[in-house]
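Here the protein sequences come in this chain order: A and B. Just so we're aligned: 24 in our numbering is position 26 of the first sequence, and the numbers increase by one with no gaps anywhere. Residues are numbered in our numbering as their position in the second sequence, beginning at 1, plus a constant of 2. For reference, the structure discussed in these notes is given below.
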Amino acid sequence: MSKSDIPEWDSVATVRLVLSVEQEFGIHLSTDQVADIRDVASLVQAIETSIKR
Amino acid sequence: MMSDNKQLYGPRGFDMARQLRAEGLISEAYSELRRVQCPSKLAFSALSNAAYLYERMLAKTPPDNNLFKRRCRLAWISSTTSEFILPVLRLLAWRDFILLDCYAPPFDSVDREIYDDQSGLYKFKPDIVILADNWRDSRIPAISSGVGESVVAGKLQQILQRWKLLEERIGCRVIQHSFDFPPNDAYGNLAGMLSGGRMGVLRAINASLPKIAIPNVTVLQIDEIVARVGAERWHDSVAWFSTRQHPGLKAIPDLLEADLALIRATLGLTKKVLVVDLDNTLWGGVVGESGVGGLRLGAPDPVGEAYSELQRYLLELKERGVLLAVCSKNNEVDARAPFENHNGMTLKLEDLVGFMVNWEPKSSNIRSLAEQLNLGIDSFVFLDDQGYEREEVRAELPGVAVPEPDSEHPTDLLKAIHDGRWFETLAFTDEDRRRHESYKANAERSVLQKNSGSLAEFLKTLGLRVDSAEFDESTLSRVAQLVGKTNQFNLTSRRHDLPRLLQIVGTERSWTQWYRVRDRFGDYGIVGVLIATVADNYAKSWEIDTWLISCRALGRGVEDVMFSSLLKAAKRCGITRLIGIYKPSEKNVQVADFYPRLGFSVVADQDNGTYYQLDLGDR
């Protein structure tokens, strides 16, 4: 599932998503990590990287 | 217990509402959404989810229209995105029974929207415009060559021009955000030291905004909000670079609470009375058990000092015009003792307009206090350290604001009451200064009334004196306040704001009058307003646009004095017919038969009210 498959998935949706994820996992994603989120896989990867840090 | 409450005010509101809606319990779902209180404690994501749910519900199954106390058209003008902000603002407004219709201009078109009289903004015709400027929009360079003063003056000129355009074209209320400061300035400390440094310039602009504000403008003190939420939450680079959202998402709830308080003030929904509990709210401990000597109150005990601080805050509220009352489950003798014998008490019995000490439910005490003071239930805020009491009042009296503290500690109680911003007003008038005295005097009057045989006799002993005159600069803000918030004795409930009132005063086709009332117990200040305008179809008749009397001056015969002055003025102006309108509202039933009582006869019963007329030829 990627941004191009879902018309409602715009940058605002990404930021809302990031906020929920940060809240849930107690992490903080940086601007470049957020910019790289294109699909669910890249979101999961950003979360994993931040948790390991 | 505490964590339960957190749940109640955390995500539960959203999950519950969603579940209720799925079960088809729409009005229950709406009530649940209203419980989203003290949002600064909620994660923005929870608040925003609730807001999106509210939007979907509004679109599909809007609530009954008369659940809303006010409707308001609001334009949010900002160079940043409004997609995160407006849904949350609308949800918070629902908590306060306001239906907000919102407008935001297309991205990056602030100046065009304000200057072009054909823009979407002017087509939308907002009641309130929020100018949410920030340091980036100010376009102030890091260092201005020459003197900073000229940069400041130029910027102020530009802002003033915007305000004037908005006033001329739509006569709306403007809420101007003052400027925040960049989170990183290459000049460091010099940014504030040099006369042309950006920080110094922005500070100077902020300091001047209230001074140059025209009557329809209120300046929201953004620096105070930034300090409160912290610069780190305010400046959120992810939100800014990814979506052009400023301030940071986590700062939005606090910012919107502050904007909403000013919106409530504009719409006349400011709260008037704060009802507080005693044990573990005004002082530490239970006076009925430990006696006055065992209470924690005042120095040197740190907890005792925290309670003193809370009392100091309440006393300041009283001085700015908020009425204070006590509601406590106690024996009256015990409850009075600290006020009389504890030297740590900042509040005195005479600072209170009500002392409801008994074992009845607190909701019924608040209800009878409202009757005594002649105020609506929704003028009340209730502060209590006990979750049970707060829930009881919320369940019985949904109109009462009941702040939810983080804990029962005095510092959190104080924070809860302050963060709600319930008592924000747009001006500080003589009436605010005198409100407490005036309500106290009212209590004495009711004693006199009880002891007088008839109403006539009572009025005679009262020694009523009434002054009146046309609206002028010195009285206009008080008149606007009354027009904005008087509910009960108000025939048309037309909520003209200050700019509109200025327009009315400016025409020859209108007659305006304020009434100031005094009696042997004191000065009520300006409590009555009459506005008559020449009717469109018949130049010799006046339509009574507004006739209102503040609730604290009711039952004194003030309306008779107003009527005779209206008749005199009408004669003087050659008016032969008066047209009265009664427009029913939720609260003005008591004046439903007011015009017939004065001898007017019904001419038309329309959707927008009942029309009456009185021919003056034969009087």
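For each residue, glycine too, the CB sits at the ideal point set by N, CA and C.
Verify the CB distance criterion: does residue 82/B have a CB-CB separation below 8 Å to chain A?
no
Looking only at DSSP bridge pairs, what is residue 403/B linked to?
383/B
Give the straight-line distance between the Cα atoms of residue 85/A and residue 9/A, rounded to the nearest whole angstrom.
This structure does not reach residue 85/A, given that chain A is present from -1 up to 51, and the question cannot be answered.
Close beta carbons around residue 153/B, own chain, < 6 Å, minus the five adjacent residues each side:
146, 203
Find out if the Cβ-Cβ distance for the pair residue 285/B, residue 298/B is shorter than 8 Å.
yes
Those runs of the beta strand (DSSP E) which lie wholly inside the region 196 to 256 of chain B and span at least 3 residues:
219 to 222
Residues bridged to residue 492/B [DSSP beta-bridge criterion]:
550/B
Spatial neighbours of residue 439/B within its chain, please: CB distance less than 7 Å, with the 5 preceding and 5 following residues excluded, ordered by chain position.
524
Output the distance between the C-alpha atoms of residue 18/B and residue 451/B, rounded to the nearest integer angstrom.
50 Å
Taking residue 2/A as the reference, give the member of 48/A, 51/A, 36/A with the closest Cα.
36/A
Can you tell me whether DSSP reads residue 559/B as helix, strand or coil?
coil
Once you ignore the five residues that flank residue 212/B on each side, which residues in its own chain have a CB closer than 6 Å to its CB?
221
Residue range of the alpha helix (DSSP H) that includes residue 23/A:
9 to 23
If you draw a straight line from the C-alpha of residue 631/B to the C-alpha of residue 561/B, how long is it?
A query on residue 631/B cannot be resolved here, the shown segment of chain B reaching from 3 to 621 and no further.
Taking 8 Å as the cut-off, decide whether the C-beta atoms of residue 74/B and residue 132/B are in contact.
no
Along the region 3 to 16 of chain A, where does the CB come closer than 8 Å to a CB of chain B? Name the residues.
9, 10, 12, 13, 14, 16
Hey, residue 69/B and residue 102/B: beta-carbon distance below 8 Å or not?
no
Segment contact flag, the region 361 to 381 of chain B with the region 336 to 352 of chain B, C-beta cutoff 8 Å, min 3 pairs
no
Closest Cβ-Cβ distance between residue 49/A and chain B: below 8 Å?
no
Indicate whether residue 61/B and residue 88/B have their beta-carbon atoms separated by less than 8 Å.
no
Check whether the Cβ atoms of residue 529/B and residue 546/B sit closer than 8 Å, and answer yes or no.
no
Alpha carbon of residue 5/A to alpha carbon of residue 38/A, nearest angstrom:
15 Å
Determine the burial state of residue 141/B: buried for a count of at least 16 other Cβ atoms within 10 Å of its Cβ, exposed for fewer.
exposed
Determine, for residue 41/A, whether the minimum Cβ-Cβ distance to residues of chain B falls below 8 Å.
no
Please list the residues of the region 243 to 259 of chain B that have a C-beta atom closer than 8 Å to any C-beta atom in chain A, keeping them in chain order.
243, 244, 245, 247, 251
Residue span of the alpha helix (DSSP H) that contains residue 59/B, given as start and end
46 to 62
Under the rule that 16 or more other beta-carbon atoms within 10 Å means buried, what is residue 472/B, buried or exposed?
exposed
Where residue 9/B falls, given that 16 or more other Cβ within 10 Å makes a residue buried:
Its pLDDT being 42, under 50, residue 9/B is placed unreliably in this model, and the value from its coordinates should be taken loosely. Looking at its Cβ environment, which holds fewer than 16 other Cβ atoms inside 10 Å, residue 9/B is exposed.
Taking the alpha-carbon of residue 553/B as reference, which of 565/B, 58/B, 519/B has the nearest alpha-carbon?
519/B
Once the 5 residues before and after residue 36/B are set aside, which same chain residues still bring their CB inside 6 Å of it?
97
Whose Cβ in chain A lies nearer than 7 Å to the Cβ of residue 277/B?
None at all; the shortest Cβ gap to chain A is about 35 Å.
Rounded to whole angstroms, what's the CA-CA distance from residue 53/B to residue 161/B? Just pull it up for me.
32 Å
Residue 117/B classed as buried or exposed, judged by whether at least 16 other C-beta atoms fall within 10 angstroms
exposed
Quick test of your reading: residue 500/B and residue 184/B, contact by CB under 8 Å. State the CB separation rounded to the nearest angstrom.
Going by Cβ atoms, the distance from residue 500/B to residue 184/B rounds to 34 Å, so no, they are not a contact pair.
Name, going along the chain, the residues of the region 68 to 94 of chain B whose beta-carbon falls closer than 9 Å to a beta-carbon of chain A.
83, 85, 86
List, in chain order, every chain A residue whose beta-carbon is nearer than 8 Å to that of residue 240/B.
13, 16, 27, 28, 29, 32
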